[in-house]
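The structure appears right after this line, and notes come after that.
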Amino acid sequence: MSMIAAFYSNKSLLITGATGFLGKVLMEKLFRTSPHLKVIYILVRPKSGQTLQERVFQILNSKLFEKVKEVCPNVHEKIRPISADLNQRDFAISKEDMQELLSCTNIIFHCAATVRFDAHLREAVQLNVTATQQLLLMASQMPKLEAFIHISTAFSNCNLSRIDEVIYPCPVEPRKIIDSMEWLDDSIIDEITPKLIGDRPNTYTYTKALGEIVVQQESGNLNVAIVRPSIVGATWQEPFPGWVDNVNGPSGLIIATGKGFLRSIKATPMAVADVIPVDTVVNLTIAVGWYTAVHRPKSTLIYHSTSGNLNPCNWHKMGLHVLATMEKIPFESAFRRPNADFTTNNFTTQYWNAVSHRAPAIIYDFYLRLTGRKPRMLKLMNRLLRTISMLEYFINHSWEWSTNNTEMLLSELSPEDQRVFNFDVRQLNWLEYIENYVLGVKKYLLKEDLAGIPKAKQHLKRLRNIHYLFNTALFLIIWRLLIARSQIARNIWFFIVSFCYKFISYFRASSTLKI
1 MSMIAAFYSN
11 KSLLITGATG
21 FLGKVLMEKL
31 FRTSPHLKVI
41 YILVRPKSGQ
51 TLQERVFQIL
61 NSKLFEKVKE
71 VCPNVHEKIR
81 PISADLNQRD
91 FAISKEDMQE
101 LLSCTNIIFH
111 CAATVRFDAH
121 LREAVQLNVT
131 ATQQLLLMAS
141 QMPKLEAFIH
151 ISTAFSNCNL
161 SRIDEVIYPC
171 PVEPRKIIDS
181 MEWLDDSIID
191 EITPKLIGDR
201 PNTYTYTKAL
211 GEIVVQQESG
221 NLNVAIVRPS
231 IVGATWQEPF
241 PGWVDNVNGP
251 SGLIIATGKG
261 FLRSIKATPM
271 AVADVIPVDT
281 VVNLTIAVGW
291 YTAVHRPKST
301 LIYHSTSGNL
311 NPCNWHKMGL
321 HVLATMEKIP
331 FESAFRRPNA
341 DFTTNNFTTQ
351 YWNAVSHRAP
361 AIIYDFYLRL
371 TGRKPRMLKL
381 MNRLLRTISM
391 LEYFINHSWE
401 WSTNNTEMLL
411 SELSPEDQRV
421 FNFDVRQLNW
431 LEYIENYVLG
441 VKKYLLKEDL
451 AGIPKAKQHL
461 KRLRNIHYLF
471 NTALFLIIWR
481 LLIARSQIAR
491 NIWFFIVSFC
501 YKFISYFRAS
511 STLKI
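Its first residue numbered 1, the sequence shown is counted upward by one per residue in full-length UniProt numbering.
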């Protein structure tokens, strides 16, 4: 019997960010392993034309929750959506809903955050810092609360090469940042943002670091823990391999490569690709909730959910695995065939020529206009270029994260809990995981029919032939222009032709003598 699963029975949980990628998988695992839990409150932002209950049914109707419905048929009755807006004071929660949350909640999993790397500092502070502060204030008024688990990021201190399981200070106190966002106008914020974030790459990592400090300073007597995942990818094992529902991180790169939009990228091939499966993060998070509530550590413990220090895989190796899988399972209607120069060119850094990648998109949009369809390729390419530019920092650096607390927690689990809530990344087979990841992107994100793989392979073969013909023609044209304009090029050409002629003549003469 799993002690962790039993612990969550009859508990009332509050999950922020439950409509996001991590939040959905967290909710699914909790219901599947602890079907007798009492209720999960989820904060849901109102959406015009859709009721809160319709939002819940939309989540439950995805393939992710198929197994849950078998073990917990009344799962829809155990999800209690609360109308909330994290941008508003007290989250704009009604008095009745607030009273229910304060009086009933046993465990809080704070997953909500803006994960946009290019978010304006005001927005990032509101969602990643101020909202955390307000949720902690709510938590301090919950008499039945047993644990508050804050989901941060392993990159909150990416300005350091080695990151320990501690909270690092920031030059400016979070409270001062929160106060300044209320009265400074956007132009001044834009001016001071580079100075505030310092050697961090974006507002996301900076505000997640501030959020951790807020948790440390304002948690009071609460039992608090922080989980820091690295780059969260598709599921490894549960509820089935390869499930993913967003284009963030590796998923966007896989789509861009599979569709032929991405030809090369500025990267450090031997840098560690610190990708962590989402179900691994979720298993650790659930175990942390149990440990924090039951053992009540005297200080705030930080748990790193990373792969690089225990089971490293570099970007070059990952890229090769992706491309090898795409040869077996090609994507439909690829604009150009996937290129083996995805991550590296003779193990040196590549630079993406934005002009050369936009040119085919412009031509294709021109074709769409001629055929009376709406042009979309250039817009897609510009979005892809922005995404890649924001990811460049993370695929050109490596970090070393200590995992003492994570390994300690693993050792505290019973054999049954280690099996049910497995977060031991050392067991991960990267080749198998990436194959399932690519297949999952094709199946769950792009909604492509796997029965169409033979047709996609034929399409890929045609694209490959077109690619070779185009490169050959381009080479001949350029070479012809060089011969016409350069005496050196002409001399080289005559030397090559003369050498080939002599070689063929020698070969013929040798053949005649043998006869």
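All C-beta atoms in this analysis are idealised placements derived from N, C-alpha and C, irrespective of residue type, glycine included.
Simplified DSSP state of residue 167, which is helix, strand or coil: Looking at residue 167 - three-state DSSP - the assignment turns out to be coil, as it is neither helix nor strand.
6 Å Cβ shell around residue 225 - same chain, five flanking residues per side excluded: Contacts found: 149, 288, 292 and 301.
Between the CA atoms of residue 120 and residue 262 - distance to the nearest angstrom: Spanning the two alpha carbons is a distance of roughly 27 Å.
Own chain, CB closer than 6 Å to residue 45, minus 5 neighbours either side, in chain order: Cβ within range, chain order: 85.
Pairwise C-alpha distance: residue 318 and residue 337: Low local confidence applies: a pLDDT of 49 at residue 337 is under 50, so the model's placement there is unreliable, with the coordinate-based value given in what follows. Looking at the two C-alpha atoms, the distance is approximately 18 Å.
Cβ neighbours of residue 9 in the same chain (closer than 7 Å, five flanking residues each side left out): 34, 36 and 37, listed in sequence order.
Of the residues 387, 469 and 471, the one placed nearest residue 115, counting alpha carbons only: The residue with the shortest Cα to Cα distance from residue 115 is 387.
Beta-bridge partners of residue 401, as assigned by DSSP: Its beta-bridge partners are 163.
Buried versus exposed call for residue 475 [16 or more other C-beta atoms within 10 Å across all chains shown]: If you draw a 10 Å sphere on the C-beta of residue 475, you find fewer than 16 other C-beta atoms in it, and that means exposed.
Beta-ladder partner(s) of residue 415, from DSSP: Its beta-bridge partners do not exist; DSSP assigns none.
For residue 16, the three-state DSSP class (helix, strand or coil): Here residue 16 sits in strand by DSSP.
Beta carbon of residue 255 nearer than 8 Å to that of residue 441: Between residue 255 and residue 441, the C-beta gap is smaller than 8 Å, which places the two residues in contact.
Contact set for residue 132: own chain, Cβ-Cβ below 6 Å, skip 5 residues either direction: Its chain contains 211 and 214 as the residues whose beta carbon lies nearer than 6 Å to that of residue 132, once the 5 sequence neighbours on both sides are disregarded; these appear in chain order.
Sequence ranges, alpha helix (DSSP H) only - wholly within the segment 471-502, length at least 4: Segments of the alpha helix (DSSP H) lying fully in the segment 471-502: there are none.
Cβ distance (whole Å) where residue 26 is taken to contact residue 282 below 8 Å: Confirmed, Cβ separation roughly 5 Å.
Status (buried if at least 16 other CB within 10 Å, exposed otherwise) for residue 349: Its pLDDT being 39, under 50, residue 349 is placed unreliably by the model, and the measurement read from it follows with that caveat. By the neighbour-count criterion, in which a residue is buried when 16 or more other Cβ atoms sit within 10 angstroms of its Cβ, residue 349 is exposed.
Identified DSSP bridge partners for residue 43: Per DSSP, 82.
Selection from 50, 247, 82 and 11 that minimises the alpha carbon distance to residue 17: Answer by Cα proximity: 82.
CB-CB length for residue 32 against residue 67, believed under 8 Å: Correct: roughly 6 Å between the Cβ atoms.
Residues sharing a beta bridge with residue 314, DSSP: Per DSSP, the beta bridge partners of residue 314 are 272.
CA nearest to the CA of residue 15, picked from 41, 493, 252 and 229: Of 41, 493, 252 and 229, the residue nearest in Cα terms is 41.
Status (buried if at least 16 other CB within 10 Å, exposed otherwise) for residue 494: In summary, residue 494 is exposed, with fewer than 16 beta-carbon neighbours lying within 10 Å of its beta-carbon over all protein chains present.
Nearest-angstrom beta carbon gap, residue 326 and residue 438 [assumed within contact, 8 Å]: That belief holds up - the Cβ atoms of residue 438 and residue 326 are roughly 6 Å apart, short of 8 Å.
Closest by C-alpha distance to residue 127, when choosing among 177, 102 and 159: For the set 177, 102 and 159, the Cα lying nearest the Cα of residue 127 is the one of 177.
Residue 222 versus 278, 205, 138 and 238, residue with shortest Cα-Cα distance: Checked all of 278, 205, 138 and 238; the closest Cα to residue 222 is 138.
Reduced DSSP category for residue 88 - H, G, I as helix; E, B as strand; rest coil: Correct three-state label for residue 88: coil.
Residue 153 and residue 229 closer than 8 Å at C-beta: Contact: yes.
Own chain partners of residue 91 with C-beta closer than 7 Å, once the 5 adjacent residues on each side are dropped: Closer than 7 Å at the Cβ level, and outside the excluded window around residue 91, lie 43, 84, 85 and 134.
Reduced DSSP category for residue 533 - H, G, I as helix; E, B as strand; rest coil: In the structure as shown, the chain starts at 1 and stops at 515, and residue 533 therefore has no counterpart that could be examined.
Limits of the beta strand (DSSP E) - the one that residue 228 falls within: Where residue 228 is concerned, the enclosing beta strand (DSSP E) stretches over 224-229.
Minimum length 4: unbroken alpha helix (DSSP H) runs contained in the segment 146-223: Taking 4 residues as the shortest admissible run, the segment 146-223 contains the following complete alpha helix (DSSP H) segments, listed from N- to C-terminal end: 174-183, 186-197 and 203-218.
Residue nearest to residue 28 in terms of C-alpha spacing, selected from 6, 60 and 54: For the residues 6, 60 and 54, the minimum Cα distance to residue 28 belongs to 60.
Cβ separation of residue 405 and residue 165, assumed to be a contact under 8 Å, to the nearest whole Å: Indeed they touch by this definition, with Cβ atoms about 5 Å apart.
Exposed unless 16 or more other CB atoms sit within 10 angstroms - verdict on residue 480: Around the C-beta of residue 480, fewer than 16 other C-beta atoms lie within 10 Å, and the residue is accordingly described as exposed.
Proximity of residue 236 and residue 30 at Cβ, strictly below 8 Å: For residue 236 and residue 30, no; Cβs fall outside 8 Å.
Other residues of its chain near residue 408: CB distance less than 6 Å, five sequence neighbours each side excluded: Excluding positions up to five away in sequence, the list is empty.
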